[in-house]
Structures are given as C-alpha cells and as structure tokens.
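> Residue numbers (the numbering used here), protein chains in the order written: chain G, 19 to 320; chain A, 26 to 289.
#1: Can you find a CB in chain A that lies within less than 7 Å of the CB of residue 233 of chain G?
#2: Report yes if the CB atom of residue 203 of chain G is closer than 7 Å to the CB atom of residue 136 of chain G, and no otherwise.
#3: Would the stretch 31-45 of chain A and the stretch 119-136 of chain A be scored as touching if the rule is three or more Cβ pairs under 8 Å?
#4: Taking residue 102 of chain A as the reference, which of A:96, A:95, A:86, A:123 has the closest Cα?
#5: Name the residues in the stretch 100-127 of chain G whose C-beta lies less than 8 Å from a C-beta of chain A; which are they?
#6: Examine chain G for any beta-carbon lying closer than 7 Å to the beta-carbon of residue 257 of chain A, and answer yes or no.
#7: Could you give the distance in angstroms between the alpha-carbon of residue 153 of chain A and the alpha-carbon of residue 243 of chain A?
#8: Taking a Cβ distance cut-off of 7 Å, strictly less, list which residues of the stretch 273-300 of chain G are near chain A, in chain order.
#9: With 8 Å as the C-beta to C-beta threshold (strictly closer), list the residues of the stretch 71-99 of chain A near chain G in chain order.
#10: Please name the residues in the stretch 186-200 of chain G whose beta-carbon is closer than 7 Å to at least one beta-carbon of chain A, in chain order.
#11: The alpha helix (DSSP H) with residue 72 of chain A in it runs from where to where?
#12: Using CA atoms only, rank isn't needed, just tell me which of A:35, A:207, A:277 is closest to residue 230 of chain G.
#13: Is residue 95 of chain G close to chain A, meaning its C-beta is less than 7 Å from at least one C-beta of that chain?
#14: I'd like the ranges of any alpha helix (DSSP H) spanning at least 4 consecutive residues and lying wholly in the stretch 108-163 of chain A.
#15: I need the straight-line Cα distance from residue 294 of chain G to residue 286 of chain A, nearest angstrom please.
#16: Roughly how many angstroms separate the alpha carbons of residue 249 of chain A and residue 265 of chain A, rounded to a whole number?
#17: Ignoring anything shorter than 4 residues or poking outside the stretch 206-267 of chain G, list the alpha helix (DSSP H) runs there in chain order.
#18: Taking DSSP's pairing of strands, which residues face residue 47 of chain A in a bridge?
#19: Could you give the DSSP three-state label for residue 100 of chain A: helix, strand or coil?
#20: Taking a Cβ distance cut-off of 7 Å, strictly less, list which residues of the stretch 220-248 of chain G are near chain A, in chain order.
#21: What do you reckon, are the CB atoms on residue 223 of chain A and residue 246 of chain A nearer than 7 Å?
#22: Can the beta-carbon of residue 234 of chain G be found less than 7 Å from the beta-carbon of residue 97 of chain G?
#23: Does the beta-carbon of residue 72 of chain A have 16 or more other beta-carbons within 10 angstroms, so that it is buried, or is it exposed?
#24: Mind checking if residue 203 of chain A is an interface residue toward chain G, Cβ cutoff 7 Å exclusive?
#25: For chain G, is any of its Cβ atoms less than 7 Å away from the one on residue 196 of chain A?
#26: Less than 7 Å separating the beta-carbons of residue 104 of chain A and residue 65 of chain A?
#27: Leaving out the 5 sequence neighbours to the left and right, which residues in its chain are closer than 7 Å to residue 118 of chain G when beta-carbon positions are compared?
#28: Among all the DSSP beta bridges, which residues are the ones paired with residue 196 of chain A?
#29: Among A:273, A:275, A:165, A:170, whose alpha-carbon lies nearest the alpha-carbon of residue 69 of chain A?
#30: With a threshold of 7 Å between beta carbons, is residue 270 of chain A in contact with chain G?
#31: Based on the DSSP secondary-structure assignment, which residues constitute the bridge partners of residue 34 of chain A?
#32: Flag residue 207 of chain G as yes if its beta-carbon sits less than 7 Å from any beta-carbon of chain A, otherwise no.
#33: Kindly indicate if chain A contains any beta-carbon less than 7 Å away from that of residue 85 of chain G.
#34: Assuming residue 123 of chain G is part of the alpha helix (DSSP H), what are its boundary residues?
#35: Do residue 181 of chain G and residue 300 of chain G come within 7 Å of each other at the CB atom, strictly closer than that value?
#36: My assumption, with CB atoms under 8 Å, is that residue 221 of chain A sits in contact with residue 167 of chain A. Please give the rounded CB distance.
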C-alpha cells in the first residue's frame with residue numbers, strides 16, 4: 019500500500035484523539051462528589067465518600083488582667099508563647115489603666131494570636147493590701163464577652179478561664195478545659211502554701227477540697243483552677259466578681275456560687291490528680307543601679 | 026491528647042543548640058513547661074537539658090518525652106563543696122557551670138567524627154524569658170553574637186556598647202563595666218564551628234569572681250571587636266532575666282502534707 023504522508027496520518031488520528039479525550043473527561047466528571055448523601059441506593063460501586071471535616075473545636079477565651087511593672091512585657095511574652103500553641107484561643111487582655119498603654123498596644127499588635135485589648139482602672143480605694151485584685155479587669159472581660167454575644171442565639175460554644183499573667187500553663191490544660199459543659203475544675207500547683215491544692219473527687223464528682231487555706235469555703239479553689247462554659251456566663255448575666263461585701267480570699271467562691279453548685283462541677287485532669295497549671299510568681303526586679311537621670315541616649319522598651 | 030510539634034526540621038536552616046542547666050525544686054516543672062512552650066515555636070532547635078543531679082529524674086525525662094521537641098537529656102551533679110560557693114555572696118556563686126560544660130562536651134563529642142551542622146550554641150537558664158525573635162537573631166551567628174539582656178546588673182537592661190560602625194566597643198553596665206565581657210549568660214550565642222575549633226574553651230570553676238563566669242568562657246573564643254551585635258545594633262530587648270519566687274510551702278509541715286506521688 020502506498021504509505022500515507024505524515025500530515026494525512028495526523029489528520030486521521032486527530033478525531034480519534036479527540037474522542038478519547040472527551041470520553042476520559044466525562045468519566046472524571048462522573049466521579050462521586052465528596053460527602054455524598056448516604057443511602058444512594060445500589061448500583062455502580064462508587065468511591066467511598068470522604069468523611070466530613072471535623073467540627074472546629076470550641077473557642078477558649080483567656081481573660082488576663084495585667085498591670086504595668088518592669089516584668090510586664092516579659093510575662094505577656096511567655097504567656098503568648100504558650101497561648102499561641104493552642105488552637106482557637108482568644109486572648110482578652112485587660113489593663114489596670116485609665117487608657118491603653120503603648121507597650122501593651124504594641125505587644126497586642128504583634129502578639130500572633132486573636133487578642134482583645136481592654137482597659138479599666140482599679141479605683142484607688144481598692145488598691146490596699148489584702149483586698150482582692152483585678153476584680154474590675156476580670157469583670158470587664160466578662161462584660162465584653164456578654165456584649166459580643168448578646169444577640170446570638172444560645173447555646174454559644176466556648177469556654178472561658180481567668181489566666182493571670184504570671185502563672186504557668188501546660189498545653190494539656192487547654193485540652194482538658196475545652197470539653198467543659200458548665201464549670202470544670204482541676205488541681206493548681208504551688209498555691210495555698212502547698213505543693214498543690216485540688217478538688218477531692220469521688221465517683222467522678224467533687225465532694226470536697228484539698229486546700230491549705232480555709233477549706234470551709236463553698237468553693238475552696240484558686241482562680242487558676244476552673245473554667246466556665248461561655249453559655250453559663252451568658253445565662254447568668256449578673257454573675258460578676260464582687261467588691262461590696264467581699265472578703266479577702268473569697269473572690270472565686272463568691273463568683274462560682276452565683277453560677278453553679280459543687281454537685282455540677284466537672285472534674286478534669288484525671289479526676290483532679292494531675293497538676294497542669296502552676297501558680298508561679300515572678301520576683302520583683304532589682305533596679306538599684308538605675309540612674310536618677312537618663313544616662314542612655316536611646317529609649318529602649320523592656 | 027495530641028502533643029504539639031515544632032515546625033518541621035529543615036536541612037538548610039542553621040540549628041540552634043540550647044543548653045539549659047536545671048535542678049530539682051518545686052517550680053522546676055513549671056519552668057521547663059513554659060520554656061518548652063516557647064521552644065516549640067522555633068524551627069531547628071535542639072534542647073540540651075542538663076540536670077544538676079546524680080541521676081536523670083523521671084520528672085525531667087517524662088517532660089522531655091512529652092514535649093515533642095528534639096532534645097538531649099544529660100546530668101552531672103555539682104559536688105557539695107562547690108554548691109556552698111566560692112564566695113559568701115549568693116549571687117556570686119557560679120551555678121550551672123558543670124552542667125553547661127557538660128553540654129559543650131556532649132556537643133564536641135557528637136561532632137568529633139561527623140561534620141557539624143551550621144548553627145549556634147545558646148545558654149538558656151530555665152527561669153529566663155525568651156522572645157521568639159531572639160532565636161532568629163542568633164541563628165546566623167558567624168563567631169559570637171551579642172545583644173541586650175533585661176533585669177541584670179541592677180538595671181532595666183544591660184547592653185553592649187555599639188559604635189556607629191556596628192562594632193562592640195564597650196559595655197553599658199553599672200556593675201563592673203570593665204570586665205572583658207560585661208555580659209550576662211543570656212546575652213550571647215556562639216557558633217558551633219567556633220566551639221569545635223576551640224575544644225578547650227569552657228567555663229572556669231576555680232577563681233572566678235562574681236560576674237566573670239561569662240568572661241571565663243568568652244575570652245578563649247573571641248575578642249571584643251570580633252563580636253557581632255544583634256537586635257538592631259543592640260537597641261532592642263529580646264530576652265529578660267526573670268526570676269521566679271520561691272513558693273511558700275508553709276502548709277506542708279515537717280513531714281509533707283500533700284501526696285508526694287502527685288507530681289508538681
């Protein structure tokens with residue numbers, strides 16, 4: 019047979035190539051869509067539908083009162099380093115100040131996690147030793163959360179806890195608190211004059227308190243030892259930290275009795291036998307050598 | 026429980042070997058925990074934890090296993106005679122010296138037969154506070170790099186004095202600014218290459234005056250004009266010499282009240 023010229027061969031093959039391409043394309047189009055409705059009836063076997071993505075974890079709100087002193091930036095820095103490891107953590111920083119400070123504003127801008135920057139000054143008459151501290155700041159955090167969610171339908175997912183800026187938090191703690199339904203509790207290290215304090219748990223329920231100070235309190239627990247679900251806060255709009263009629267050392271107890279009962283408490287950290295948070299305190303800095311008048315030529319933030 | 030992981034190791038990024046001496050006391054686990062939480066952010070970080078103890082403790086072993094970091098766990102006990110101190114002034118007792126030296130020794134051993142990675146060595150005490158930016162500043166050290174440190178020497182910060190040309194020409198300190206290296210342990214990093222080049226450079230134990238520990242090592246490695254200033258020519262504070270209060274455990278009593286099996 020006379021051999022065909024190349025152009026003829028190509029012309030002959032081209033329509034077949036097109037047919038093959040079209041067939042292949044329609045085949046792919048017929049592949050089952052992801053997460054197809056179950057029970058589609060029998061028929062041609064389809065690829066297994068991909069599982070739906072896991073629901074995003076409930077957000078954790080950390081309410082941190084803070085105040086200006088030399089170690090403030092250091093404390094906030096190492097706290098941020100911890101919080102940035104936690105998924106969906108929203109940091110609510112409340113300065114004890116009449117206005118936002120430059121230091122904290124700058125810090126928040128570069129913090130690397132979602133952050134709400136509030137401020138409220140503590141009235142002078144409440145700044146005496148022995149009086150509870152950070153009351154106004156924690157209440158400001160609660161108020162912000164309530165205001166932000168006021169028009170949203172219940173139940174709102176999320177958990178909040180009070181994170182003082184000098185404590186130390188393990189990452190495991192956040193995993194534990196995230197499943198809080200109402201109010202959860204756990205041990206706290208290095209508090210109450212002891213290695214740790216903890217709720218006493220029997221059969222999965224809190225029955226008492228293992229504490230170094232006034233174990234007769236209704237809730238003998240440190241600020242670092244509990245978390246509250248957002249919905250409980252929203253359903254108890256009047257629950258705040260009290261000033262009037264508050265006794266020293268009763269802040270936590272006075273607050274918790276407005277929103278829950280001991281029976282309702284959910285023990286975490288392996289029935290309250292593991293320490294996942296420590297009430298560390300940072301030494302006051304020795305600035306004895308700071309000159310009275312500026313000696314340095316630059317103004318460096320510390 | 027899903028443990029955190031550091032960023033994936035990179036074959037092209039210089040390694041940061043962080044040597045941390047540590048010792049048993051109530052706040053130890055807390056300190057190491059928040060340190061780990063910081064280090065988890067830093068790519069290519071290898072944590073060398075050296076306990077001041079006769080044996081590696083379970084507390085530290087378990088913490089390191091769970092942390093998710095690249096680590097090496099060593100221990101060496103400081104003999105009691107040294108613990109009491111060469112000086113009656115507590116702040117002048119060199120602490121962590123044997124432990125830091127063991128860290129250097131391990132590093133030199135590890136790379137005696139294999140080519141060392143590009144990288145630096147940094148001495149990070151377990152109660153200081155470190156910003157993430159600090160690690161990126163030190164990562165590309167050629168010989169020895171330096172920067173300011175907050176809350177040392179009775180000041181808001183001490184800092185190297187840097188000339189307009191970018192060279193270290195002195196020390197902005199009140200306490201003994203004429204020391205050859207008037208700088209805190211947290212204020213410098215040394216390239217691995219230099220550590221291996223000078224195998225006899227280590228911290229001296231004997232006859233070291235208060236405030237001279239850093240000098241005892243650095244003088245064998247570098248001269249002042251060979252230092253590389255970081256942190257915007259030493260105008261930014263990226264590390265704070267924080268100290269943690271000793272917790273009052275008055276309610277433990279003589280025999281201990283809390284269950285010793287609950288780890289704190």
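Quick reminder that beta carbons are idealized off the backbone N, C-alpha and C, glycines included.
Put simply:
#1: no
#2: no
#3: yes
#4: A:123
#5: 100, 102, 103
#6: no
#7: 21 Å
#8: 291, 293, 296, 298, 299, 300
#9: none
#10: 186, 188, 189, 190, 193
#11: Element bounds for residue 72 of chain A: not the alpha helix (DSSP H) but the beta strand (DSSP E), 70-76.
#12: A:277
#13: yes
#14: 122-135, 157-163
#15: 15 Å
#16: 23 Å
#17: 248-253
#18: A:76
#19: strand
#20: 230
#21: yes
#22: no
#23: buried
#24: no
#25: no
#26: no
#27: 135, 137
#28: A:185
#29: A:165
#30: yes
#31: For residue 34 of chain A, which the question treats as bridged, DSSP gives no partner whatsoever.
#32: yes
#33: no
#34: 120-127
#35: no
#36: The pair is not a contact, with the Cβ atoms about 14 Å apart (cut-off 8 Å).
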